[in-house]
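Per the working numbering, residue 83 is the first one in the sequence shown, and the count goes up by one each step.
Each residue gets a CB set at the ideal place from its N, CA and C atoms; glycine is no exception.
Bear in mind that the values here come from a model prediction, so they are computed numbers and not experimental data.
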Amino acid sequence: MNKKNNYTKTLANEALNGLSLYLVGPHVVPQKKYVDGKVTDEITGYQVWCATREDNPFKIKFNAEDKPDLRELEIGDEVIFENLEAIQINNKIYFRATGIEKA
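#1: Of all the beta strand (DSSP E) runs that stay within the bounds of the stretch 104-159, which reach a length of 3 or more residues?
#2: Determine the burial state of K143: buried for a count of at least 16 other Cβ atoms within 10 Å of its Cβ, exposed for fewer.
#3: Could you say if the stretch 152-161 and the stretch 86-99 meet the contact criterion of at least three C-beta pairs nearer than 8 Å?
#4: From the DSSP output, in three-state form, read off K168 for me.
#5: Give me whichever residues DSSP pairs with K184 in a beta bridge.
#6: Would you kindly report the start and end of the unbroken beta strand (DSSP E) that includes Y176?
#7: Pull up the distance between the alpha-carbon of Q170 and that of R178, whole angstroms please.
#8: In chain order, what residues of the same chain have a beta carbon less than 8 Å from the beta carbon of A146, not counting five sequence neighbours either side?
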């Protein structure tokens, strides 16, 4: 895979190689801002845990304005992420999206 300096849909497609994604965490996890090494109350984004049938679970990041709603989803549901993108940093791939729905 090519190293990228920004999030791209191409890298997300290459990394997942057509594999289906499944919800493995029941909650949306807020990400909070840190100032001087201390957590604040400011939410900077959210994370959702998912997995493929071939990989360990991993997180999909959402910006604060794109908070996902998991109320209609259950653990194990196959899901589709809207505008799924990935970035590679130090041989690790990180994902982000703007929405989630049941496949």
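On the basis of the data shown:
#1: 111-117, 120-133 and 140-145
#2: buried
#3: no
#4: The question names Lys, yet the displayed sequence has Ala at residue 168. Here A168 sits in strand by DSSP.
#5: Paired residue(s): V161.
#6: K174 to R178
#7: 12 Å
#8: Scanning its chain for C-beta atoms nearer than 8 Å, with the 5 sequence neighbours on each side dropped, one finds around A146 the residues I125, T126, G127 and Y128, in chain order.
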